[in-house]
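J.: Structure incoming, see below.
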Amino acid sequence: MKPIPDKNILLFKSCLISTEYPGVESSTKYVFDKLGIEYTIDHDQSCCTGLGHYSDVFDQESTTLIAARNFDIAIKNNHPNIVTMCATCYAINKKAAKLLNNNEKIREEINTVFKECYVDRKYEVDSIDPTENIFHVVEIIYNKKDKLKDLIKIELSDDLKIATHHACHYCKVFYNDTIGGVRDPNILDKLVESCNLKTVGWFNEKRTTCGAGFRQRFVNKDLSMKVSSEKLISLKDVDILIHMCPNCHMQFDRYQPYIAKKTDNTFKTMHINIMQLIAMMMGADIEKVVGLQTHTIPVNIKAIKNEDKWKKINKAKEKLERKKDKKL
Amino acid sequence: MINKKTSNKDDSKLKIGVFICRCGGNISDTVDIEKVKSNIDAEVVEEFENLCSINGKKNIRDNILNNKLDRVVIASCSPISHEKIFQDYVKPLNPYLMDMANLREQCSWVHDKDKSTAKAITLINASIEKVKKSHPVNPIVCQIPESVAIIGGGISGISAALSIAKTDVKTYIIEEKATIGGNMVKIGKVFSPVKIAEECSLCLLNPLINETVWEDNIEILTKTKVISGSRKSGTFSLLLEKSPRYIDDALCIACGKCNEVCPVKVLDDFNENMSYRKAIYKPFSQSYPDAYTIDMENCKKCGNCVKICKMNAINLEEEKELIPLNVGSVILATGHKLFNPKARPEYGYERYDEVITQNELARIMGVNGPTKGELKIPGSKKAPKRIVMVQCVGSRDEKPNAHKYCSKVCCMVALKNANIIKHKYPDTDVIICYTDMRTTGMYEKYYKHCQDNGIRLIRGRPGEIIKNQEDNLVVKVEDTLTREFVEIETDMVVLSLAIESSDGTREIAKQLDIGLTEDFFVKEAHPKIKPVATDVKGAFVCGTAQGPKDITESIMQANASAAKVFELIHKGIEIEPFIAEIDYELCNNCKECISRCKHKSIYIEDKEIFIDPMSCSGCGECLSVCKQSAITIQGNINEKIYATIKGMLKNKQKGEKKIIVFLDQIGYTAADNIGINRLQYPESIHIIKVHSVNRVTPDHIIYALKNGAEGVFIGEYPGDLMYDKVEKKINKLKKYAEKQGINPDRIQFSKVYIPYFTGLAQKFKIFDEKINSISN
Amino acid sequence: MKVINLDETREKLSNKVLNNIKASHDLGLLRCVQCGMCTSVCPGAKHSNYNPRYMVEKVLENDEKIIENKDIWNCFYCYTCHSVCAVGNSPCEVNQILRQIAIDNGKEDEKLKYFASYGETFLDIGIGGMPKSFFMTLHEDIEGWLDFKAELEEIRKELSLGPIQMPQESIEEVRKLLNKMNFDKRVKRLKKEEKE
């Protein structure tokens, strides 16, 4: 397995986590602190362009330029290990680093743009290694999964059915760097197991995309929802689907009621990011850390054996529902 | 070996005879022979119309005897074609006291009349200087032991063993498993390309097994592995570990009573784990030795078997045994294994009982298999309504864990199994999903026969196999010929798995230091013209240890490797004597030379370093790392190169330009081809043939450049094991030359290939022009 | 009947794709054997007329008409084909390149213009997110989505998270850099407000 750092980490901010599921970021920080992982967040870092890039709006040159700028920020901050919470940030940055290292023309072009804009930035060849400097947060945790086991304080009922949704842009794009399989991805299953929980493992649609398809969700909605609904249907008896990418998370969590209505189905699946699950299982505050209040499908986990925690989560749940009432 | 008497004689007193061949005008029409004769200083200078004729031989021999010649120079054609002939013609003189000046391919055929006479004189002078430094040496003949170890007792190993043993050579079959027979015993039926019908494979194999058992010269060692091995001077010393059988096969009468009382049931690997056997078992009814064995991993040592055995054949405390074995040759027949279907989890092997492999299907269809030949869906009692076969699982796949190569036999295996099913169960629909049907040669006829029998083919590589709500399997594939995305509902799927190298192949290769390909199959010395030979002399390969192939081809390779073994045994190995030798008074056992030797010729035995004459190429690489200067190469090669350079540069005229060219065997042949095709190159080019370019030292090159040569050109075949080293050395040398005040551009290193002779002529011309521009 | 002329002077589409900046250096496009594995795992192919194998076939035939083919806009960029292709080709990457070539030739899908607002937001605040043009649809499809957006700042405070946006200086820097790359012109062109 590739070497995985536990320090000098730049926790790479993601637009969708910031604006849709901020609890993933606070959970990640919480888990990092508990595991003694040294990291920083740099507010000069821009968004990776991913959603625009894969909607064909950003050209490769502009995306690479933005990446080169963010790489320079990471290096100057002395935190060159870029760790993303979003699978698209992961793939976008890896692709850009490869290009910047291997394609002299684009590297020169970008350095010229920096120079001509009087911006004190530069990309030096090989200063960011796509394999050894760019990671998804699940990899950092996977590397510490034995330590993680000792920090789990909450126990959940054995009959909870948990499945995992592995983000395509983590598993499939740079498959040589993927930890835990590509054709039957299982890094999330292993992390769930480290929380003393079981997953259902393989299911028919395990490899299938969430269906967002970037543009498809907006301009090809029927196509997009067909793919998502097939996956949801194959998960009908699953209580929790574990995510590692805010875009997939959004597709299922936000659109599940929409799909239920359109396809005349009822779904009980709750959606939660792996970092939220881990933080929760470590006993983090549901509202102040895990941030479940931004989810569309209320996370209502029953049969928690630890009484204290159960009360706390119940309280958070009530509060969430009160909020919903207000909205109505 | 060196004849001190002659070699001590002062060079200038040596009597040298020069014999010039007119070659029926080939030489004499261009070269002024009279002028050459008058310019040569030698004891005897003779010309002859056809020196290679019987009369020529007589003339040479008479002159040697009458004039008591010490050395001979044959000024005629190329040594590539005629050296062996003239080495014979100079008898009773030692063959290595003769040298050939190439007046035809590298003089009269490449230069005009006005240039070639002077060139001929130079070439003859170079040969004269060279023979002055020649020592009489004798070819080394290695005799190897008349015994062979065959690693692996499958169809390849058995075939090779039978072929060798029948010539009265002692043959050992070393088989890791409890029986010989290999994979062929499991596959049920086979077919050959010229026959449309399938035959029982065990019926074909069994007579061969019996023959192997009866053959006095064959010793079969089952449950035995090679645990270490080395090769020295034509002898392989192997250390074998024989695992206990726990049953004395000489006493066991295979009555089967022990089997009845054994309480332990385990999965039977003979039936691909689809049935059970006992912990005390016989792999299959025809297995050899015809005796039971105990699987000690699962045995509970209850002693039931010991009590019931009337022959007292069982000893539960038997221990493993170490057996040393010395043989002259080794044949690797270590077979293959199959791609792990779990590496393609999307096909559902293990997840679904109904997804099986071709090997498992063969066991199911086998009359001695888990269902006694009845086709049933695993886990049910029903026959399948449909079977979908998926081709290329792990083959022709660049993705991690898979293989880029085609496994060669799977198209035929799938067709065969499909056809057998169609024959017995005409109502079962069989669909083969393929990327390309590769049924070369006569196999195409069988393919058509299968289509006639109603086997359906869909051209597409399935992406996934799932189960639908009806609990049926669904194969997702694009029918690329109709461009339809198809979901095939089926109740059984058979995966055609890639053939990959076996663990045994990798282990034995490591133990004997035999090279493997990037796919971990045994690498042949040359894949085109040296099949079945490995990069270790005396070690051969056959069957699927060398790569995917069918039974027929495996047997062909087995027979070929047997023939190669006979060559070694009956003729021994005659080796050119110009190989490395160690002076033990100087050697301090630093071992630097061992890792340097690309030919794997140097080894340690009893704390002393040895050089194996069988594999030493005389490249001289070891000399350069030996700080003690304890290694020498026989035949005085170093001095001969200096002398040849000296001869080439002798009597250099004012304004004349001389470029020294060092070429190995391949480069020299390419240079000959320039002449054969009557192309021209500048007369400044003076070619010296060397055994290995690596033998030309920086000092030789600097000597040439400081003593009149304007340039030095070194050509080497990139396929030579030493090529990379030489290239690096030349780059270093250029820097060194610069320090000595020599323009490094006067040295050139170049790749040479035999068919690329026009290119070589062009390179000579360009280098000659470059030298002009430097000196001007 | 198709004729393959002896003189093919135009740059071949397959070369254009291979030489595109997006193409991985070891892209196995020319090694494609049309096995159809990509199609069999493609969500777009399952539910629409898009067929990745056919698209690659057309690229290998250097048939430029594939650029104008509307079906190619149904790829999800899920990279499943890319992760299983046995010859190291990536229909997903080829698709992205074809769409870029279409854009360069003004032959992009008509609906692309709606995504231009993503670029505008990026130029404005250096962050992407959901394109503005779809806020109303999102609001319609997802109950309480816009209300939640109104509460976002408060929730983030509760979670002790820093600001969403970069400091103003950095926003300006990103805009300046992107303008130098002519990204602003590209966004305008995609929006179809201005002809180049």
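Chains as they are written, first to last, in UniProt numbering: chain A, 1 to 328; chain B, 1 to 776; chain C, 1 to 196. Where a beta carbon is used, it is the ideal one built from N, C-alpha and C, also for glycine. Just so we're clear, the structure is a prediction, and the values are computed from it rather than from any experiment.
1. Under the rule that 16 or more other beta-carbon atoms within 10 Å means buried, what is B/Asn-694, buried or exposed?
2. Going along the region 377–408 of chain B in order, which residues come within less than 8 Å of chain C, judged by CB to CB distance?
3. If you measure between the beta carbons of A/Thr-296 and C/Ile-142, is that distance less than 8 Å?
4. Does any C-beta atom of chain C lie closer than 8 Å to the C-beta of B/Phe-521?
5. Just to confirm before moving on: does the CB-CB distance between B/Gly-504 and B/Gly-152 stay below 8 Å?
6. Tell me which same chain residues have a C-beta within less than 6 Å of the C-beta of B/Pro-95, skipping the five on either side of it?
7. Are A/Ile-110 and A/Tyr-123 touching if we call contact CB-CB under 8 Å?
8. Closest by CA to B/Thr-488, which one among B/Thr-544, B/Arg-438, B/Ala-418, B/Lys-385?
9. Would you kindly check if the distance between the Cβ of B/Ser-134 and the Cβ of B/Lys-732 is under 8 Å?
10. Out of curiosity, what's the CA-to-CA distance linking B/Ile-551 and C/Tyr-50?
11. Kindly list, in the order they appear in chain B, the residues whose Cβ is closer than 8 Å to that of A/Asp-184.
12. Would you identify the three-state DSSP class for B/Ser-501, choosing helix, strand or coil?
13. Helix, strand or coil for C/Gln-100? Go by DSSP, reduced to three states.
14. How many Å lie between B/Thr-420 and B/Ala-161 at the Cα?
15. Between the region 86–110 of chain A and chain B, which residues of the former have a C-beta closer than 7 Å to a C-beta of the latter?
16. State yes or no: is the beta carbon of B/Ile-466 nearer than 8 Å to at least one beta carbon in chain A?
17. Going straight from the alpha carbon of B/Cys-392 to that of B/Leu-238, what length do you get?
18. Just mark C/Arg-31 as buried or exposed, buried being the case when its beta carbon has 16 or more other beta carbons within 10 Å.
19. Among residues of its own chain, excluding the 5 on either side of B/Glu-484, which ones have a beta-carbon nearer than 8 Å to its beta-carbon?
20. May I have a chain-ordered list of the beta strand (DSSP E) segments no shorter than 3 residues that lie completely inside the region 185–251 of chain B?
21. Relative to the C-alpha of B/Asn-472, which candidate in B/Gly-348, B/Tyr-447, B/Asn-183, B/Ala-254 has its C-alpha closest?
22. Give me the DSSP bridge partner(s) of B/Thr-171.
23. Answer yes or no: does any C-beta atom of chain A fall closer than 8 Å to that of B/Arg-461?
24. Enumerated in chain order, which unbroken segments of the alpha helix (DSSP H) with a length of 4 residues or greater are wholly contained in the region 417–454 of chain B?
25. Please name the residues in the region 412–437 of chain B whose beta-carbon is closer than 8 Å to at least one beta-carbon of chain C, in chain order.
26. Between the C-alpha atoms of B/Ala-671 and B/Val-752, what's the straight-line distance to the nearest angstrom?
27. How many angstroms separate the CA atom of B/Arg-71 from the CA atom of B/Tyr-89?
28. When you compare only the Cα positions, how much space is there between B/Val-726 and B/Ile-774?
29. What alpha helix (DSSP H) runs, 4 residues minimum, are completely inside the region 13–77 of chain C?
30. Counting only beta-carbon separations shorter than 8 Å, does C/Thr-80 have a partner in chain A?
31. Could you list which residues in chain B have their beta carbon closer than 9 Å to that of C/Tyr-114, in chain order?
32. Kindly list, in the order they appear in chain A, the residues whose Cβ is closer than 8 Å to that of C/Val-174.
33. Counting only beta-carbon separations shorter than 8 Å, does C/Arg-189 have a partner in chain A?
34. Can you list, in chain order, the residues of its chain with a C-beta nearer than 7 Å to that of B/Gly-24? Leave out the 5 residues immediately preceding and following it.
35. Can you give me the C-alpha to C-alpha distance between B/Asn-453 and B/Asn-417, rounded to a whole angstrom?
36. Which one or two residues does DSSP pair with B/Pro-400 in a beta bridge?
T.: On the basis of the data shown:
1. Taking the second sequence and counting its residues from 1, the one referred to as residue 694 of chain B is at position 694. Taking a 10 Å sphere around the C-beta of B/Asn-694, we find 16 or more other C-beta atoms and assign the residue as buried.
2. Cys-392, Arg-396, Asp-397, Glu-398, Lys-399, Ala-402
3. Taking the first residue of the first sequence as position 1, residue 296 of chain A is located at position 296. Taking the first residue of the third sequence as position 1, residue 142 of chain C is located at position 142. For A/Thr-296 and C/Ile-142, yes; Cβs fall inside 8 Å.
4. Here residue 521 of chain B refers to the residue found at position 521 when the second sequence is read from its first residue. Output row for B/Phe-521: interface = no.
5. Numbered from 1 along the second sequence, position 504 holds the residue referred to as residue 504 of chain B. Numbered from 1 along the second sequence, position 152 holds the residue referred to as residue 152 of chain B. The answer is yes: Cβ separation under 8 Å.
6. Position 95 of the second sequence, counted from the start, is the residue given in the question as residue 95 of chain B. Result list for B/Pro-95: Gln-87, in chain order.
7. The count along the first sequence starts at 1 and reaches residue 110 of chain A at position 110. The count along the first sequence starts at 1 and reaches residue 123 of chain A at position 123. Note that the C-beta distance between A/Ile-110 and A/Tyr-123 is below 8 Å.
8. Residue 488 of chain B sits at position 488 when you count from the first residue of the second sequence. Contrary to the premise, residue 488 of chain B reads as Ile rather than Thr in this sequence. Of the listed residues, the one whose Cα sits closest to B/Ile-488 is B/Lys-385.
9. Against the second sequence, residue 732 of chain B aligns to sequence position 732. Against the second sequence, residue 134 of chain B aligns to sequence position 134. No, the pair does not count as a contact, with Cβ atoms beyond the cut-off.
10. Within the second sequence, numbered from 1, the residue matching residue 551 of chain B stands at position 551. Within the third sequence, numbered from 1, the residue matching residue 50 of chain C stands at position 50. When rounded, the distance between both Cα atoms is 44 Å.
11. By 1-based counting over the first sequence, the position of residue 184 of chain A is 184. The contact set of A/Asp-184 on chain B, defined by CB atoms closer than 8 Å, consists of Pro-345, Glu-346 in chain order.
12. Mapped onto the second sequence, residue 501 of chain B falls at position 501. Reduced to three states, the DSSP call for B/Ser-501 is strand.
13. Position 100 of the third sequence holds residue 100 of chain C. DSSP places C/Gln-100 within a helical segment (H, G or I) once states are collapsed to three.
14. Within the second sequence, residue 420 of chain B is the residue found at index 420, counting from 1. Within the second sequence, residue 161 of chain B is the residue found at index 161, counting from 1. Before going on, a small fix: residue 420 of chain B reads as Ile here, not Thr. Answer to the nearest angstrom: the Cα atoms are 32 Å apart.
15. none
16. For the purposes of this step, residue 466 of chain B is identified with residue 466 of the second sequence, where counting begins at 1. With 8 Å as the cut-off, B/Ile-466 counts as an interface residue toward chain A.
17. As a working note, residue 392 of chain B is residue 392 in the second sequence. As a working note, residue 238 of chain B is residue 238 in the second sequence. Their backbone Cα atoms lie some 38 Å apart in a straight line.
18. Residue mapping note: residue 31 of chain C aligns to position 31 of the third sequence, counting from 1. That one is exposed.
19. Translated into positions along the second sequence, residue 484 of chain B becomes position 484. The answer, listed in chain order, is Glu-478.
20. 218–221, 224–232, 235–242
21. Stepping through the second sequence from its first residue, residue 472 of chain B is reached at position 472. That would be B/Gly-348, whose Cα lies nearest to the Cα of B/Asn-472.
22. Position 171 of the second sequence, counted from the first residue, corresponds to residue 171 of chain B. According to DSSP, B/Thr-171 bridges with B/Val-148, B/Ile-218.
23. Position 461 of the second sequence, counted from the start, is the residue given in the question as residue 461 of chain B. Output row for B/Arg-461: interface = no.
24. 443–452
25. Thr-435, Asp-436
26. What you label residue 671 of chain B is simply residue 671 of the second sequence in a count that begins at 1. What you label residue 752 of chain B is simply residue 752 of the second sequence in a count that begins at 1. Their Cα atoms are separated by approximately 9 Å.
27. In the second sequence, residue 71 of chain B corresponds to position 71, counting from 1. In the second sequence, residue 89 of chain B corresponds to position 89, counting from 1. If you take the alpha carbons of B/Arg-71 and B/Tyr-89, they lie about 13 Å apart.
28. Taking the second sequence and counting its residues from 1, one reaches residue 726 of chain B at position 726. Taking the second sequence and counting its residues from 1, one reaches residue 774 of chain B at position 774. Spanning the two alpha carbons is a distance of roughly 25 Å.
29. 13–19, 37–40, 43–47, 52–60
30. Translated into the one-based positions of the third sequence, residue 80 of chain C becomes position 80. Output row for C/Thr-80: interface = yes.
31. Translated into the one-based positions of the third sequence, residue 114 of chain C becomes position 114. Correct list: empty, because the minimum Cβ distance to chain B is about 29 Å.
32. Locating residue 174 of chain C in the third sequence gives position 174, counting from the first residue. Taking a Cβ-Cβ threshold of 8 Å, the residues of chain A close to C/Val-174 are Ser-46, Ile-66, Arg-69, in chain order.
33. Walking along the third sequence from the start, residue 189 of chain C turns up at place 189. C/Arg-189 does not count as touching chain A.
34. Here residue 24 of chain B is taken as the residue at index 24 of the second sequence, counted from 1. Within the same chain, B/Gly-24 has close Cβ partners Glu-49, Asn-50.
35. On the second sequence, position 453 is the one that residue 453 of chain B refers to. On the second sequence, position 417 is the one that residue 417 of chain B refers to. Whole-angstrom Cα-Cα distance: 12 Å.
36. In the second sequence, residue 400 of chain B corresponds to position 400, counting from 1. DSSP lists no partner for B/Pro-400.
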